[in-house]
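Using my numbering, the letters of the sequence shown map in sequence onto residues 1 to 155. Each residue gets a CB set at the ideal place from its N, CA and C atoms; glycine is no exception.
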Amino acid sequence: MSIEDHQPSTPYDVGYKKPPQQHQFKKGESGNPKGRPKKSLKPDIPDDFQELIASALLEPVMVKKNGKQCEMTKGKMLVQQLVNDAISGPASVRVQIFKMLDAMGISQKAEERFDQKLAALADQDLWTPEMEKTLEGIEAKFIEEDDETGDTIGE
């Protein structure tokens, strides 16, 4: 069978909005058989991504601190900058830092060390009523209601 066998006996006019028949879509066949490619749901993260971040944070950098040149890691610089921003910035940053410390269990370790030192002081009979009042004042400052969760901070 040739193309001529499929063509009608009357001539086909080629022109505006009338492409040649051999260039028209065939019946039942899509003009885009492969279709549009699907969108990727998540970006490809390399397997060694954590190693890349860890190595970048461990890179040494020369820093001027208090007028002196000293060497420290990028990770240490990042932590110092985060703490400095928390101190000088809005309260929301401080809340985020405390939440991070809680998630890492650091605040609990610090509380345990504080309790150990407090117990050592109590054993030495150096504890005075003035110290007790000061401690109660500090505890009152740290036991405040958290607006978002209703939990108490410091307990």
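Inclusion of A110 and I97 in the CB contact set at 8 Å is not warranted, their separation being larger than that value. No Cβ-Cβ contact shorter than 8 Å links V79 with C70.
The continuous alpha helix (DSSP H) containing E139 extends over residues 129-142.
For K65, the enclosing beta strand (DSSP E) stretches over residues 60-65. In terms of CA proximity to K76, P60 leads the group P60, Q24, N66, A91.
Non-local C-beta neighbours of D44 in its own chain, meaning closer than 8 Å and more than five positions away in sequence, are absent.
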